[in-house]
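Numbering-wise, the sequence shown is residues 650 to 796 according to our numbering. Data block below; observations after.
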Amino acid sequence: MPSPAIEFEFGGKKTTPTDRLMIGAKTEVGGRQVQFFNVHLLAFFMLGSSSTMFPWQRDLVADRLASSDLPTILGGDFNVSQHASLVEQFAEFGYATVQYKVPTWHRRPFVLDHIFYNSGLRCLGHAVENSLASDHLPIHADFDFGF
């Protein structure tokens with residue numbers, strides 16, 4: 650997913666952010682197809698900006714969510730420091746996040762990481778785990794097919 654040409658200084662040189670990734674896969678679970686996506690979006694807040702000012706990446710993700718007619722799970726590092734606007738945007742397409750209260754980043758109390766799911770699934774439970782393996786905390790969630 651293309652990143653905008655926002656200039657910032659890194660290592661004493663002016664540069665622009667690299668493009669970001671979204672991957673997807675379909676698989677069969679319990680005889681039913683499920684769509685999975687994973688993203689790692691640009692951290693606009695670290696560049697003195699925000700993804701609401703440059704919504705291109707979020708909009709691309711939202712378009713993919715809107716086009717899925719399968720039970721769908723989207724997880725990843727959304728890098729949105731003010732996550733309410735992200736949660737609201739994806740809710741417009743029928744997606745909820747498993748949690749939005751527990752910070753998932755060690756450096757600041759931001760909820761940067763999410764697992765979103767649509768009405769084809771029901772979240773049975775979730776947890777944000779403690780870990781020092783990354784600067785982000787892992788989230789896990791259990792799902793069942795919705796009724």
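Don't be surprised by glycine CBs; every beta carbon is placed ideally from N, CA and C.
Open item on the list: Runs of 4 residues minimum, wholly inside the region 699-748: which ones carry the alpha helix (DSSP H) assignment?
Closed with: As summarised for the region 699-748, the continuous alpha helix (DSSP H) elements at least 4 residues long and confined to that stretch are 705-716 and 733-740, given in chain order.
TODO: Output the distance between the C-alpha atoms of P752 and Y744, rounded to the nearest integer angstrom.
DONE: P752 and Y744: Cα-Cα distance of roughly 20 angstroms.
- [ ] Compute the Euclidean distance between the alpha carbons of F703 and Q684, then round it to the nearest angstrom.
- [x] Computed Cα separation, rounded: 27 angstroms.
Task: Cβ-heavy atom distance, H732 to the ligand SAH, below 7 angstroms - done: Ligands are entirely absent from the displayed structure, and the ligand SAH is therefore not among its contents.
Open item on the list: Tell me the rounded alpha-carbon separation between T746 and L714.
Closed with: Between the C-alpha atoms of T746 and L714 there is a straight-line separation of about 13 angstroms.
- [ ] Just grab the DSSP bridge partners of N687 for me.
- [x] BP columns for N687 point to I672 and G724.
TODO: Taking all protein chains shown into account, decide if F657 is buried (16 or more other Cβ within 10 angstroms of its Cβ) or exposed.
DONE: Result: exposed.
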